[in-house]
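Participant: Before we start, here is the structure in question, set down as structure tokens.
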Amino acid sequence: MKARLRPSVIVPSVLVAAMACASRQAPRPNEIEDGVSFQKGAVFLTGSALGDGPGSLLGTMMGKVPNFRVRHVGNECPQITLRSNVTFMGVVNPHVYIDGTRATDTCVLESLRKEDVERVEVYPQGFTTRPGYGTHAHGLILVFMRSAE
490 MKARLRPSVI
500 VPSVLVAAMA
510 CASRQAPRPN
520 EIEDGVSFQK
530 GAVFLTGSAL
540 GDGPGSLLGT
550 MMGKVPNFRV
560 RHVGNECPQI
570 TLRSNVTFMG
580 VVNPHVYIDG
590 TRATDTCVLE
600 SLRKEDVERV
610 EVYPQGFTTR
620 PGYGTHAHGL
630 ILVFMRSAE
């Protein structure tokens, strides 16, 4: 008579190992939790986190991203710092990308309606593993717009 394997004994240990590994994996961009989440030094704002806060996208980001500071000087674009060790003495603005296209300045964050934005990713250290984005010593802000449906 052939010996039969008992799958009920083998399968649970495999499932436990698989579940343990899955819990350590970083969520994929389309699986990011609703609200504010922090992953590998980046801050992700989605859904409900974009719905509250004053007026523009810039106003919504203030108070949700650690060390995110904004300074307005006259009629110029807002000066933004993402790290506490940076001063306002020179140009310290992070690079801003809207759907993969680099913006020329930070004024775009005041003109974007938060209702039109799907997700914002903030990289204070200035680099991302996403392909197609450069690095910048003063950080990166990636804005992903809702698609017209």
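Sequence positions in the sequence shown follow this note's numbering and run 490 to 638. Beta carbons are placed, not taken as given, at the ideal position from N, Cα and C, and that holds for glycine. None of the values given here were measured: they were computed from a predicted structure.
1) I need the boundaries of the beta strand (DSSP E) containing SER526, first residue and last residue.
2) Considering only their Cβ atoms, is the gap separating TYR612 from GLY589 smaller than 8 Å?
3) Throw me the rounded Cβ distance for the VAL609 and ILE587 pair, which I believe falls under 8 Å.
4) What are the boundary residues of the beta strand (DSSP E) that includes THR570?
5) I need the straight-line Cα distance from VAL585 to VAL559, nearest angstrom please.
6) Alpha carbon to alpha carbon, how far is ASN582 from ASP605?
7) In the DSSP assignment, what are the bridge partners of TYR612?
8) Using the rule of at least 16 other Cβ atoms within 10 Å of the residue's Cβ for burial, across every protein chain shown, is MET634 buried or exposed?
9) Measuring straight from C-alpha to C-alpha, what distance separates THR624 and PHE557?
10) DSSP on LEU547, reduced to helix/strand/coil?
Facilitator: Inspection of the coordinates gives the following:
1) It spans 524–528 - the beta strand (DSSP E) in which SER526 sits, taken as one unbroken run.
2) No.
3) Actually they do not touch by this definition, with Cβ atoms about 10 Å apart.
4) Following the DSSP letters along the chain, one finds THR570 inside the beta strand (DSSP E) bounded by residues 568–570.
5) Answer to the nearest angstrom: the Cα atoms are 14 Å apart.
6) In a straight line, the C-alpha of ASN582 is about 23 Å away from that of ASP605.
7) Per DSSP, LEU629.
8) MET634 should be labelled exposed.
9) Computed Cα separation, rounded: 18 Å.
10) If DSSP states are grouped into helix, strand and coil, LEU547 belongs with the helices.
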